Amino acid sequence: MLMSFYENNIFPWVLNIADKAFRREREEILGSARGRILEIGIGSGISLPFYSAQVEHIVGIEPSEALLTKAQQAARSAPAIAHKLSLQAGDAQNLQFDDNSFDTVIAFLVFCTIPDPDKAAEEVFRVLKPGGSLIFFEHVKAPSDSLARWQNRLNPVWNKVGCGCNLNRTTQTVFERQGFRFESIDAFYHPKIIRLVSPVIKGVAKKG
Ligand SMILES: C[S@@+](CC[C@H](N)C(=O)[O-])C[C@H]1O[C@@H](n2cnc3c(N)ncnc32)[C@H](O)[C@@H]1O
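If you count the sequence shown from 1, you need to add 9 to reach our numbering.
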């Protein structure tokens, strides 16, 4: 009861505050998405105003009912794309879409939270068209041993406070295991967020 109050009311607010740090990445990543787009774990819809009016269609999926409702409200402040947008309940581990049906998949701070990231990556690979792009921005396990040790130690608590988020995912290797080819990948410590979540990867992974 207390946890669901937290998830429905406090957590979306926490996400909005944390998001200010990532504004530049959001502009870059979402502004570059083209064609038929799937955004997995669209959350409260913070991404919506950043999409270009030139996109063909955007499908946003989200498993949390509370966040999906917020995304539907956020769609009203993105008139340039509202008529090309479909927001639906969904799970990235079991996508309800045909093989080879999207030009672009967006994963923005979502592989940290999906319970089975390998299954989700497999599904993303399946629904992308040959030559399609997974455009990602994810916080990950630190390359430095000392910070990685702290991430491991604090992960059980972080996971509760962050509604399933993990500090220590090795998301690059998850993508590699599915056969994605990196067109670009940039791994760095984000300067605007607390040290524990500052190791991030940003890039484009291609199917084929
Ligand atoms: C840190 S939030 C980021 C939300 C959003 N991408 C953003 O940038 O604001 C993580 C998101 O992953 C979603 N999520 C968790 N499990 C998921 C799953 N199995 N499939 C799709 N999304 C999932 C959560 O509900 C939440 O919206």
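C-beta: ideal position from N, C-alpha, C; glycine also.
Since this is a predicted model, take the numbers as computed values, not measurements.
- Ranking Pro-139, Leu-104, Trp-159 and Arg-186 by CA distance to the CA of Lys-215 puts Pro-139 first.
- Note that the C-beta distance between Phe-117 and Ile-210 is not below 9 Å.
- It is roughly 10 Å from the alpha-carbon of Leu-76 to the alpha-carbon of Trp-22.
- Here DSSP, grouped into helix, strand and coil, assigns Pro-208 to strand.
- Secondary structure note for Val-68: its beta strand (DSSP E) is the uninterrupted segment 66-71.
- Sequence-distant partners of Thr-179 (beyond 5 residues in either direction) whose C-beta falls short of 8 Å from its own C-beta, in its chain, are Val-149 and Lys-150.
- For the pair Glu-132 and Leu-104, the CB atoms are nearer than the 9 Å cut-off.
- Note on Thr-122: 16 or more other CB atoms within 10 angstroms of its CB, so buried under the neighbour-count rule.
- In this structure, the beta-carbon distance from Phe-120 to Val-68 does not fall below 9 Å.
- When rounded, the separation of the alpha-carbon atoms in Leu-57 and Ala-87 is 6 Å.
- Judged by DSSP secondary structure, Gly-217 falls outside any beta strand (DSSP E); it is assigned neither H nor E.
- Note on geometry: alpha-carbon atoms of Ala-157 and Asn-17 lie some 30 Å from one another.
- Looking at the DSSP output, His-148 sits in a beta bridge with Val-209.
- Taking the Cα positions, Phe-189 is about 14 Å away from Asn-109.
- Ligand 1 never approaches Glu-192 closely enough for any of its heavy atoms to be under 8 Å from the residue's Cβ.
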